[in-house]
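Enquirer:
In UniProt numbering, the protein residues as written are 1 to 182.
1. Pairing CB atoms from the segment 142-152 with CB atoms from the segment 23-34, are three or more of them under 8 angstroms?
2. Looking only at DSSP bridge pairs, what is residue 122 linked to?
3. Tell me whether the beta-carbon of residue 128 lies closer than 8 angstroms to the beta-carbon of residue 100.
4. Around the C-beta of residue 56, are 16 or more other C-beta atoms found within 10 angstroms, so that it is buried, or is it exposed?
5. What runs of the beta strand (DSSP E), each 3 residues or longer, lie entirely inside the segment 30-72?
6. Would you call the CB atoms of residue 74 and residue 17 closer than 8 angstroms?
7. Rounded to the nearest angstrom, how far is the Cβ of residue 168 from that of residue 45, given a contact under 8 angstroms?
8. If I measure Cβ to Cβ from residue 33 and keep anything under 7 angstroms in the same chain, skipping five residues before and after, which residues do I get?
9. Kindly indicate which residue of 2, 108, 160 has the alpha-carbon position closest to the one of residue 65.
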């Protein structure tokens, strides 16, 4: 199975990879420059993960690394600061409300690419351990996920730090590894 992990900077993409690979959480992460690739084996499934940098200068690379994967995983920070078949994953910092709009725009721009049509998407709202984190319902609304009709889309609220919902996330990934596109 091959997947690409995308999302804005500081949404927890590399941390997610480290947690599912080794179970280890680290506060001291440095931003990914370009991309990292890592293979993770869970049971009898090996997952090749492309972790793509989230800074603006790397976002043009997202499409290239999302082609031909089993899934796209999107990382997003789901917290508010009041003042992130071929499969993909998108990470969102669910605690950073100021970045949710930018995250929504980047996600929809990516999924509008014809080459990525039909690739399942897993949206992860990270940092649910923070008091101001958005829940799954709020993430679905703020990211306008209901408007995405041309593919399977799933959204979980997770905490890499507390390892909340890592099990259900891995179950989703393993399930989708069994339905690969030709």
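Just so it is clear, CB atoms sit at the ideal spot from N, CA and C, and this is done for glycine as well.
Small disclaimer: the values here were computed from a predicted structure and weren't measured.
Expert: Straight from the coordinates:
1. No: the two stretches stay apart, fewer than three of their Cβ pairs being nearer than 8 angstroms.
2. The residue given as residue 122 occupies position 122 in the chain shown. 73, 154.
3. Here residue 128 is taken as the residue at index 128 of the chain shown, counted from 1. Here residue 100 is taken as the residue at index 100 of the chain shown, counted from 1. Against a cut-off of 8 angstroms, the Cβ pair of residue 100 and residue 128 comes out as no contact.
4. Counted from its first residue, the chain shown places residue 56 at position 56. Within a 10 Å sphere around the beta-carbon of residue 56 sit fewer than 16 other beta-carbons, which makes this residue exposed.
5. The segment 30-72 contains these whole beta strand (DSSP E) runs: 35-42, 45-52.
6. Against the chain shown, residue 74 aligns to sequence position 74. Against the chain shown, residue 17 aligns to sequence position 17. No, the Cβ-Cβ distance between residue 74 and residue 17 is not below 8 angstroms.
7. Walking along the chain shown from the start, residue 168 turns up at place 168. Walking along the chain shown from the start, residue 45 turns up at place 45. With 8 angstroms as the limit, residue 168 and residue 45 do not qualify as a contact, their Cβ atoms being about 15 angstroms apart.
8. Locating residue 33 in the chain shown gives position 33, where the first residue counts as 1. Here the set comprises 53.
9. Translated into positions along the chain shown, residue 65 becomes position 65. Among 2, 108, 160, the Cα nearest to that of residue 65 is on 2.
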